[in-house]
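Order-wise, the sequence lines are chains A and B. Note that the working numbering numbers the first sequence so that position 95 is 95, with each residue one more than the last. In the working numbering, each number is its position in the second sequence, counted from 1, plus 1000. Taking it in order: structure first as structure tokens, then the write-up.
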Amino acid sequence: MNRALWLLLGLQMRGWLRSLTRRLATVRGAVLTLVGLGAFVLWLTSVFLIKRSPSYTHDQILEYGPAALLSYCLFNALSNSGERGVYFSPGEVNFLFAAPFGRRELLAYKIAVGFIFTLPSALFMTLVLQIYAQSFLAAFVGVLLVLQFMQTFAMAVNLAASAVETRLFTAGRRAAAVAAVVLVGAIVWQTGLAPGENVADWLRKATHTDVWRAASTPLRYFFDAFLSENLWPDLAWNGLLALLVDLALVGLVFGLDVQYMEASAAVSARIYARLQRMRRVGPAASREGKARFGLPILPWWGGVGPIFWRQLTTASRGAGRLGMSLVILGGVLAAVLGMGDGNEQVALLTLLAGAGFMTTFLTTLAPFDFRGDVDQMALLKTLPSPAWRLALGQVLTPVLIFTLIHWIALAAVQWHFGRLDPLLLAAAAFAPLYNFVLVSVENLLFLLFPTRVMVTTPGDFQAMGRNVLSQLGKILGVGGAALVAVLAGCIGFFLSGWNVYVGTAAAWAATALFAATLVPLMGMAFQLYDVGRDAPP
Amino acid sequence: MSIDVEGYSKVYGTMAAVADVTFSVAPGEVLGLVGPNGAGKTTTLRALAGILQPTKGRLIIAGCDVVREPIAAKARLAYVPDDPHLFDRLTVWEHFRFTAAAYRLRDWQPLADALLTRLELVEKCDALASELSRGMRQKTAVGCACLHRPRALLLDEPLTGLDPRGIRTMKDLIREHAADGAAVVVSSHLLSMVEDLCSTVLILHRGQVLRHGRLAELRGEASAGGRQETLEELFFRLTETLPEPEIAAGIREGRDRGAAP
């Protein structure tokens, strides 16, 4: 690799450390880092001190590991949504593409950057997966080489795609899909399908066929390295073989030597635009929305209506991503229902608690409130509407979204039980209040400690600390609302002479009051927000 | 010639972004590349910089074919895009340091210091790129582009985001590079800047050359027949008000004149 590119790599690493230390110099940065480090140390302690029993045996890992790895790589290649080319950051495109560097030198630089960024991820994954390995070192070597394989495989596929036109790329993907089908067909033919056979048994038989053994041999070396018992000769030999597989793939990448820069510049611009959108609006905006339809404008409602309408319209154009939260929640509910062991009430309570807890994490998928307007705060400040009404209009959209999701989920559960459960009805009544408190607390925290909704990278303790504090704040807010509801419910229950309906109604009213007090608080926090000082970088 | 473009075309699917464009820029010449949005200016500059592959034609920088000898050609050129992105976590000085290494420069620090001073970047020397304003980023990119004294300087909207002092410095830098024998191509929507700075003008329209000539020739055309048009009025007349057959005729005329000036 060119010496200048090594210099750039070194400067980038130094820049990363410098930006970390600069943020540490501020009180907020130092506190967040401390909280993040504390959470990390707690997690690390639990990893080392709490004895966990592995869920899979070595034989199972060797049997299914290569299939899982190949499936992931093929899925990644086949679902590549038409993006051809290797991603370079805009700075890299500007400075490196017009500079006197060879194409292979730039690819070597990308592989080196990828390898360096893989190291912390590999370390984290090793900490989690080491219970399956014989030694930490073997686990680390295995994980690192697997991650490198995944990266280089994706790069090879993208370069191959750059080499051909879109039409041929599509044809190439079809050919890859056909090859995968032929491989599976050959394995099925060799395994044979016995009627009524267990899927797990059949998979076990399939992994022992000659076709699969031949096809998966290069991938098996990674898992052999991961499970190596001794440093010498096991890990040394298996690690070397796995490394050779990685190097062969690197050789293929260099051998392709395609004119990838044009495709890369185009892909990089698209991905950068997507990253910028995500930086502004959060993970929900990873894809550009389409204005396929418009919602009718809402009434004035004292200024709340237009604000609510704008957020609702924004949400309706990113609705595809919201489906993800429904899928995640649905998966959790299905798992809980499956664990019911016949006791419906226990299953129901577990389910409601699980759904509520999951929602505290899912709110980042629908930042159609102040969090998504981080770059529009100045505009919001100019609107002729009292701060509390504006705040109310801002938070209603995510509340509506999550309430609808909860109601759909509760209706599905109701259908599953086949009878009208009063607990489910009560949950449906409390869902809007619960979501209102959750979203309001999240927005309050955002207005007081503004930050962008970002995906954290391994080793970013400040981001980790911020997430821990945000989660803690939400749980405290919801806990406060629950305490008020329980107190009011108990008072109503006893005063009404043990009437459960009056108790529930009192709890509901108290929660609504609690939720209502958050609106002026958000309004005050919005007024305190200084666009010049508080706008997050 | 320092820059030679012969029959350059760039086709995306069935759409020709640039079609059969031919022009040359001699050492010391400043060419103004003008045209409405989507005319193919940036596509042409990016192809000259070796970022885009031409569908057809030859692009030569100081005697080196951009496609066949990309590294030799790139060593002789500098390209500043319309919205220059820097490395967010590198300081301004580290950008200069990297550029010096990329172009294998020796004793580059005095020139870097001089550029930093002229571009008013001295105080921002240790600032991260992510902390810079749009104008400061532009100045850093231009400073880096000038560091290796390129034989061909390609600038896409170089004045965007600059303050009055920055605009003057930028114009001076362009003139000095031209005086030192560099061929400069400036793409811009600011026709006043083109009139002020450029010795030749190339008007692109829908990917084709509508006019290519010395500034004096275009001024002559503008005042021909007692019209007394400004360059801006001529530009609008050529690109907006001419009916399709006349635009086609203009494109043919422009192509015929292509290599002439």
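Glycine included, C-beta positions come from ideal geometry on N, C-alpha and C.
- At least 7 Å separates the CB of residue 114 of chain A from every CB of chain B.
- By the criterion of at least three beta-carbon pairs nearer than 8 Å, the region 1184-1194 of chain B is in contact with the region 1025-1044 of chain B.
- Assigned with DSSP and collapsed to three states, residue 1198 of chain B falls in coil, not helix or strand.
- Using a Cβ-Cβ cut-off of 8 Å, residue 1081 of chain B is close to 94 of chain A, given in chain order.
- The shortest C-alpha to C-alpha distance from residue 225 of chain A to any of A:234, A:217, A:218 is the one to A:234.
- With a beta-carbon spacing of about 5 Å, residue 1092 of chain B and residue 1140 of chain B fall inside the 8 Å limit used to define contacts.
- Residue-level contact by beta carbon holds for residue 99 of chain A and chain B, with a gap shorter than 7 Å.
- Judged by beta-carbon spacing, residue 254 of chain A lies within the 7 Å limit of residue 104 of chain A, meaning their Cβ atoms are closer than that value.
- Here residue 389 of chain A has 302, 303, 304 as same chain residues with Cβ atoms under 6 Å from its own Cβ, once five neighbours each way along the sequence are excluded.
- Residue 299 of chain A and residue 315 of chain A have their alpha carbons spaced roughly 18 Å apart.
- Interface flag for residue 4 of chain A against chain B is set, since a Cβ pair is found closer than 7 Å.
- Going by DSSP, residue 1214 of chain B is part of the beta strand (DSSP E) stretching over 1208-1214.
- The alpha helix (DSSP H) runs of length 4 or more contained entirely in the region 406-484 of chain A are, from start to end of the chain, 422-448.
- When B:1149, B:1194, B:1128, B:1207 are compared, the shortest CA-CA separation from residue 14 of chain A is found for B:1128.
- Pairing residue 1078 of chain B with residue 1132 of chain B gives a Cβ-Cβ distance that is not under 7 Å.
- Contact check for residue 1221 of chain B and residue 1234 of chain B: beta-carbon distance about 7 Å, within the 8 Å limit, so the pair qualifies.
- Residue 1204 of chain B carries a strand assignment under DSSP once its states are collapsed to helix, strand and coil.
- If you check the CB distance, residue 1124 of chain B and residue 99 of chain A do not come in under 7 Å.
- Annotation: the continuous beta strand (DSSP E) that includes residue 1008 of chain B extends over 1003-1012.
- Contact check for residue 504 of chain A against residue 442 of chain A fails: the beta carbons are separated by 7 Å or more.
- Judged by DSSP secondary structure, residue 110 of chain A falls within the alpha helix (DSSP H) whose first and last residues are 103-129.
- Residues of the region 403-436 of chain A whose Cβ lies closer than 9 Å to any Cβ of chain B: none.
- By the neighbour-count definition (other C-beta atoms within 10 Å, threshold 16), residue 1081 of chain B is a buried residue.
- For residue 90 of chain A, the neighbours in chain B by C-beta distance under 8 Å run, in chain order, 1085.
- Annotation for residue 493 of chain A: 503 place their beta carbon closer than 6 Å to its own, counting only its chain and skipping 5 residues before and after.
- Taking 7 Å as the cut-off, the beta carbon of residue 485 of chain A is found closer than this to the beta carbon of residue 507 of chain A.
- Neighbourhood of residue 1094 of chain B in chain A, by CB distance below 7 Å: 11, in chain order.
- Taking a Cβ-Cβ threshold of 9 Å, the residues of chain B close to residue 265 of chain A are 1046, 1051, 1052, in chain order.
- In this structure, residue 158 of chain A places its C-beta atom within 7 Å of the C-beta atom of residue 86 of chain A.
- Contact with chain B is absent for residue 17 of chain A, since none of that chain's Cβ atoms lies less than 7 Å from the residue's Cβ.
- If you look at residue 1057 of chain B, you'll find it in the beta strand (DSSP E) that goes 1056-1061.
- Counting C-beta pairs with one atom in each stretch, the region 212-227 of chain A and the region 1011-1026 of chain B have fewer than three that are closer than 8 Å, which means they do not touch.
- Rounded to the nearest angstrom, the Cβ distance from residue 124 of chain A to residue 464 of chain A is 11 Å, too far for a contact under 8 Å.
- Sequence-distant Cβ neighbours of residue 1048 of chain B in its own chain, meaning closer than 8 Å and more than five residues away, are 1003, 1005, 1059, 1061, 1066, 1077, 1079, 1152, 1154, 1185.
- Contact check for residue 521 of chain A against residue 472 of chain A fails: the beta carbons are separated by 7 Å or more.
- Residues of chain A with a Cβ closer than 8 Å to the Cβ of residue 1098 of chain B are, in chain order, 4, 7, 8, 11, 95.
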